[in-house]
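Residue 112 in the working numbering sits at position 111 of the sequence shown; the count goes up by one each step and never skips. For every residue, glycine included, the Cβ atom is placed at its ideal position computed from N, Cα and C. Quick caveat, the model's predicted, so the values are computed rather than measured. First the structure, in the form of structure tokens, and then the observations on it.
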Amino acid sequence: MELDNLDRELISIVQSGLPVSGEPYRELAEALKTTEEDILARIGKLVERGTIRRLGAIFDSRRLGYTGTLCALKVPPERIKAVAEIINRYPGVTHNYLRNHDYNMWFTLLAPEKGEVDRIIGEIRRLAGIDEIISLPAERLFKIRVNFDLTEG
């Protein structure tokens, strides 16, 4: 999908947070000199096309009692898209990305308890037909904020 400058500005803003107000989309529209309807339509299209996978709050999962893990899989190149679609069905998957390595697909998973993490990994293994999945639970938490400036110039 081709992004215009307004799409790029919108993505650059929402990746670090929506305005905390009763009308966040109106505030975005004012900041970007457009209408609330335009902002909602653009976000809808970006979500529909997969440019934005998730739009929502980020919580401290450990304080909420959740447990998480980083998983690595060996996925044949011709199956990457199909396996990614299976993994991305799970709301607890917060990131899913490719790496140039034998274990070429990596994702993070959060769930209310370890048993649920294990169950989801088992389902992914079965549905994707991938035997080699490594689960790497966090021993220490590192939180790195990564925001991308998509605006031109």
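Cβ-Cβ distances below 8 Å link I87 to I125, L128 and A129 in the same chain, with the five nearest sequence neighbours on each side left out; the list follows chain order. Going by DSSP, I53 is part of no beta strand (DSSP E) at all; its letter is neither H nor E.
Assigned with DSSP and collapsed to three states, S62 falls in coil, not helix or strand. Here the region 103-121 makes contact with the region 64-72; the two share three or more CB pairs at distances below 8 Å. Counting only runs of 4+ residues, the alpha helix (DSSP H) found wholly inside the region 103-136 occupies 115-129, in chain order.
When only Cα atoms are considered, Y98 and A73 end up about 10 Å apart. Within 10 angstroms of the beta-carbon of R90 lie fewer than 16 other beta-carbons, which makes it exposed. By the criterion of a C-beta distance shorter than 6 Å, P138 is surrounded in its chain by T70, once the five residues flanking it on both sides are discounted.
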